[in-house]
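Numbering (this note's numbering), first residue to last: 17 to 212.
Inspection log for the structure reproduced underneath, given as structure tokens.
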């Protein structure tokens, strides 16, 4: 696809499909505290929810954003992360797996930041997106903290070929990520656990 885009000239017609599937809940979580846990390039999907929540800030309780990347250079949206650090109406922390000579922040996987926050699981909805191994450990820690499966929302990323649930490439058990997802609560994910 990248080569095809580079071959296009200004004025050429480009077709775009999407968005596919469902979306993160928004109105359904108004009034709750919100915890975001993003890893690497899992932050862009979360940003699509963070931004509208920040615009409607008064409709949500605490907003905590935890972000982790492999290295300082691997962090996405660096200028936006700097803006988040300056806000006094949210809690924002970031970490890297491996620091460098310029990094003065936390070093460790994103779940190490859980030790630096306190949450009330019954009043908090957690959203997570990132590499599958990160999501696995984030969910494990959230469950140990007392979160209910309905209060943990994540994405299941799969290659979506047809986008309409016909080809089966994105099937996980009896669910199709392109039409039933990609956003699932952990309660829904638990029913598919054998497959993901």
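Every residue, glycine too, gets a C-beta built ideally from N, C-alpha and C.
Since this is a predicted model, take the numbers as computed values, not measurements.
Rounding to the nearest angstrom, what Cα-Cα distance links residue i and residue j in this structure?
i	j	result
residue 81	residue 106	8 Å
residue 125	residue 154	10 Å
residue 26	residue 19	15 Å
residue 190	residue 207	10 Å
residue 63	residue 23	30 Å
residue 160	residue 60	27 Å
residue 58	residue 133	21 Å
residue 83	residue 95	14 Å
Hey, residue i and residue j are a contact pair by Cβ (cut 8 Å); roughly how many whole angstroms apart?
i	j	result
residue 56	residue 86	7 Å
residue 66	residue 52	6 Å
residue 165	residue 202	4 Å
residue 49	residue 73	Wrong, their Cβ atoms sit about 13 Å apart, outside the cutoff.
Given a threshold of 16 other Cβ atoms within 10 Å of its Cβ, counted over all protein chains shown, does residue i qualify as buried or as exposed?
i	result
residue 149	exposed
residue 200	buried
residue 42	exposed
residue 196	buried
residue 68	exposed
So if DSSP puts residue i in a beta bridge, which residue, or which two residues, is it bridged to?
i	result
residue 122	111
residue 49	140
residue 192	187
residue 82	53 and 109
Residue i CB to nearest chain D CB: under 7 Å?
i	result
residue 192	Of the protein chains in the structure, only one exists, and it is not chain D.
Is there contact between the stretch 162-174 and the stretch 105-121, where contact requires at least three CB pairs shorter than 8 Å?
Not touching, per the Cβ criterion.
Do three or more CB pairs link the stretch 111-119 to the stretch 137-155 at distances below 8 Å?
Taking a cut-off of 8 Å on C-beta distances, the stretch 111-119 does not touch the stretch 137-155, as fewer than three cross pairs fall below it.
Report yes or no: do three or more beta-carbon pairs, one from the stretch 171-190 and one from the stretch 25-40, lie closer than 8 Å?
The stretch 171-190 vs the stretch 25-40: in contact.
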